[in-house]
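Since the structure comes first, as structure tokens, the remarks are kept for the end.
In my numbering, the protein residues as written are 1136 to 1839.
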């Protein structure tokens, strides 16, 4: 019927009112053939919507025949007599402007008023307002009444759908709730006790609330589109009638749905309790059966890392299987806790018993798994430490067995340091092995409490013997390496001493060469007087003593090198070259120091003789110097000058001068100055002697 209303565009405008406050029913006709049966059924449906009070005020029917044929219009008007004669007060036939004038003369509805039971008038659309107020007409008839037929159809569809579903659902819920009141035995036997409603109660209730909210909103809103100049909007009578119907259905539905929810809750609780009991027994039976048997067969710790890893992998597989059942346990525990929180006294004891039984079995099995995992982890760490220690001992033994061929003392020190670090690392690893072995032994001592009555002393004895055997073997290997380290340490310390002696001997040669170089380049001065020359002689003796001690130190180091080489049964790489170099430099130094000694002694004799002459005052004629003294100064001075020009000749034939040519020229010039002063003194003395001789000759004749 609702679909027919939409197709035929039959407008039930109960929102519009005629001048008698009666409802207006609009029937639009079109050029297509109109089914009178559908039209009649649709009119019956529409007339069932208003209340009896509204019907009593009568209807004004507008038959829009502007797009239809006259015979259809006439048929519709005559049909109204059979469908709603008592309710119709006035029928307004909206005619076209031109085409019906002749046909109307053949059929006058006003003459048939008594037979029809209502008045029929033909009127143009623009003159319809003579009979009905414009504010009660829609815009297609020149009125201002706001009306959306599609919106009315949609709301009516929702209302009809809700009414149908809610009524059906209400009947079903009443049946379900009444069946639930029977005895527990009847509910167990009855197949209808688990019947489900045809519609979702939540969806139906939500639809009803939305419909009621829409109806109430349409009732209390001020105006819809009133701002556009139209007539103020007011709710239709059918909408006003629908509100209490919807509210009544909603109240009844909520009441029965609340009871149904309690029925469902009780059903769910019974079903959940039975399911929990079944699952609890499944978990308990598996853990105490196959799960326990799996743990009974796993007690070894392996004899290597690979073996312990294989045992750990097997244990992980066992744990994986247990994890699936533990997950079921967690889920069951949550379900039981939820049921316990509901507070149903009749089920509390049974639920608590199931929960306690499940928890005891699961915690016991989890403790056994954890205990086994801890033992395997400790065993794996023990084997890893043992393997690491074995590798360190092998590396240390390889170092000790290899030949030592260091290049210098620093390399030996580095090797010795590395050896000490290796030994210290071995000691730390052995201590760690002892600690991990003791932890493993302590854990295995408590293993009997988890043996399920099985005698594990044989398995434990084998494992304990293996642990002690590994630790003792590592201790013996470490002791052997320590003894070898002591021997290697002594040998390497001797090698350090050997390299040190060779290095110091080479340093002594370098020092002696530096002393020789300093003697040739800086020990040049011969002194400007006898006192300074004596000081230079003293310094030269001390300088020679330093060189002598350096040479003696080098000889002692080379002798110690020979002794160490004999002790180490090896030949040195440098002592064979160091001794000849030491002797060669020492001979060169000896020749040079002797030459320096002779020159200083000659300079001392020269300055002493010259100073003796020059100390005599030339004014004192009676203090005459012997000619031999002058000749001595001249002879020594010339000899010294000649010696300054001669180089030092080393034993290998090489030559070397003292200082630079400028230094030698300066020393020679100082000697020549002193010789010149002596020569001047000698000249003065000769003049004085000549005067004395002349005076003596002159005095002789006078006396005679």
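The beta-carbon is built from N, C-alpha and C at its ideal position, and this holds for glycine as well.
Inset, instruction - State the DSSP-derived secondary structure class of residue 1142, mapped to helix, strand or coil. - result: The pLDDT assigned to residue 1142 is 37, lower than 50, so where the model puts this residue is not dependable; a value taken from the coordinates is nonetheless given after this. In the structure shown, residue 1142 sits in a helix (DSSP, three-state: H, G or I).
Legend entry - Alpha-carbon spacing of residue 1415 relative to residue 1339, whole angstroms: 39 Å
Legend entry - For residue 1459, the nearest candidate out of 1347, 1419 and 1735 (CA to CA): 1419
Legend entry - Rounded straight-line distance, which links the Cα of residue 1396 to that of residue 1485: 24 Å
Inset, instruction - Taking residue 1183 as part of the alpha helix (DSSP H), name the residues at either end of that continuous run. - result: Note, residue 1183: premise wrong, no alpha helix (DSSP H); not H, not E.
Legend entry - From 1552, 1529, 1675 and 1461, residue whose alpha carbon lies closest to that of residue 1616: 1529
Inset, instruction - Report yes if the CB atom of residue 1732 is closer than 8 Å to the CB atom of residue 1675, and no otherwise. - result: yes
Inset, instruction - Would you mind reading off the limits of the beta strand (DSSP E) that contains residue 1207? - result: Premise fails: residue 1207 lies in the alpha helix (DSSP H), 1205-1218, not in any beta strand (DSSP E).
Inset, instruction - Tell me, to the nearest whole angstrom, how far the beta carbon of residue 1411 is from that of residue 1471; I am working on the premise that it is less than 8 Å. - result: 6 Å
Inset, instruction - Please report the Cβ distance between residue 1164 and residue 1202, rounded to the nearest whole angstrom; I am assuming they are in contact, meaning their Cβ atoms lie under 8 Å. - result: 7 Å
Legend entry - Whole-angstrom distance between residue 1808 and residue 1792, CA atom to CA atom: 23 Å
Legend entry - Collapsed DSSP secondary structure at residue 1433 in the structure displayed: coil
Inset, instruction - Look at the alpha carbon of residue 1727 and the alpha carbon of residue 1714, and state the distance between them as a whole number of angstroms. - result: 20 Å
Inset, instruction - Take residue 1492 and list the residues in its own chain whose beta-carbon comes closer than 8 Å to its own, dropping the five residues that flank it on each side. - result: 1415 and 1419
Inset, instruction - Helix, strand or coil for residue 1724, going by three-state DSSP, please let me know. - result: helix
Legend entry - Per-residue burial, residue 1425 [other beta carbons within 10 Å of its own, 16 or more giving buried]: exposed
Inset, instruction - Using DSSP bridges, identify the partner residues of residue 1791. - result: 1783
Legend entry - Per-residue DSSP class, three states only, for residue 1664: coil
Inset, instruction - Confirm, please, whether the CB-CB distance from residue 1636 to residue 1692 is below 8 Å. - result: yes
Legend entry - Inter-residue spacing [alpha-carbon to alpha-carbon] between residue 1162 and residue 1174: 9 Å
Inset, instruction - State the Cα-Cα distance for the pair residue 1506 and residue 1602, rounded to the nearest angstrom. - result: 19 Å
Legend entry - Given residue 1701 as reference, the closest of 1618, 1483, 1626 and 1671 once Cα atoms are compared: 1626
Inset, instruction - State yes or no: is the C-beta of residue 1565 within less than 8 Å of the C-beta of residue 1534? - result: no
Legend entry - Range of the contiguous alpha helix (DSSP H) that encloses residue 1302: 1284-1315
Inset, instruction - Hey, could you find the ends of the alpha helix (DSSP H) residue 1475 is sitting in? - result: 1440-1477
Inset, instruction - Let me know if residue 1545 comes out buried or exposed under the rule of 16 or more other beta-carbons within 10 Å of its beta-carbon. - result: exposed
Inset, instruction - To the nearest angstrom, report how far apart residue 1511 and residue 1334 are at their CA atoms. - result: 60 Å
Inset, instruction - Quick one: grab the DSSP three-state call for residue 1700. - result: helix
Inset, instruction - Assign residue 1789 to buried or exposed, taking buried as 16 or more other Cβ atoms, counted over all protein chains shown, within 10 Å of its Cβ. - result: exposed
Legend entry - Residue from 1394, 1779, 1185 and 1764 with nearest C-alpha to residue 1311: 1394
Inset, instruction - Measure the C-alpha to C-alpha separation of residue 1771 and residue 1683 and round it to an integer number of angstroms. - result: 30 Å
Legend entry - residue 1160, DSSP secondary structure in three states: strand
Inset, instruction - State the beta-bridge partners of residue 1846 as determined by DSSP. - result: With the chain running from 1136 to 1839 in the structure shown, residue 1846 is simply not present.
Inset, instruction - Measuring alpha carbon to alpha carbon, tell me which of 1259, 1686 and 1672 ends up nearest residue 1734. - result: 1672
Inset, instruction - Using three-state DSSP, classify residue 1773 as helix, strand or coil. - result: helix
Inset, instruction - Look up residue 1367 in the DSSP assignment and say whether it is helix, strand or coil. - result: Low per-residue confidence applies at residue 1367: pLDDT is 43, beneath 50, and the placement is therefore not dependable, though the value from the model is reported in the following sentence. DSSP places residue 1367 in coil when its eight states are reduced to three.
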